[in-house]
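To start, the structure itself, in structure tokens.
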Amino acid sequence: MTIAHAETAEQVGEYLASLLRGRGDVSKLYVLRSHELIELWLLIAPATIDAEVELHSLQRRLLERFPSNSLDLRILDVSRLGHGGVYAAVPRDAIQIEI
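To convert, take the position in the sequence shown, counting from 1, and add 1311; that gives my numbering.
Here it is as structure tokens:
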């Protein structure tokens, strides 16, 4: 595995998007660099507990790929939070990454 330092949140987001392609349970991905922290939000359709655990495990892969970056992956289930709650949780200046 190649280890890299991400200069931008978009680089981390693009890598995560490459891991997510083809999954029907993830609808959107947003990223934002906040000081030294790269924050990521995954918007998901209703998912099983196993699917959510699998999605959370992607943070480990991100940390392995970008070990010198501080990362925070948040998984937001639209069915539990509703659209208003989900979009309130994602900052307005976060950048959407195509999956």
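Glycine is no exception: its CB is placed at the ideal position from the N, C-alpha and C atoms.
Please read all numbers here as calculations on a predicted model, not as lab measurements.
Under the three-state reduction of DSSP, which class applies to residue i: helix, strand or coil?
i: D1361; result: helix
i: V1397; result: helix
i: R1385; result: strand
i: E1347; result: coil
i: S1368; result: coil
i: S1338; result: strand
Taking 8 Å as the limit between beta carbons, can you name the residues of its chain near residue i, skipping five residues before and five after?
i: E1363; result: I1355, I1386 and D1388
Would you say residue i touches the ligand SAH, meaning its beta carbon is less than 7 Å from a heavy atom?
i: R1332; result: Ligands are entirely absent from the displayed structure, and the ligand SAH is therefore not among its contents.
Who are the Cβ neighbours of residue i in its own chain at under 7 Å, not counting the five residues just before and after it?
i: L1327; result: L1340, L1351, L1369 and L1373
Counting C-beta neighbours from all protein chains within 10 Å, is the total for residue i 16 or more, i.e. buried, or is it exposed?
i: G1335; result: exposed
i: I1360; result: exposed
i: L1348; result: exposed
i: G1324; result: buried
Using C-beta distances below 6 Å, list every residue in its chain close to residue i, excluding the 5 sequence neighbours before and after it, in chain order.
i: E1409; result: none
Looking at the unbroken beta strand (DSSP E) that takes in residue i, where does it start and where does it end?
i: I1408; result: I1406 to I1408
Between the stretch 1368–1378 and the stretch 1397–1406, can you find at least three pairs of beta-carbon atoms closer than 8 Å? no
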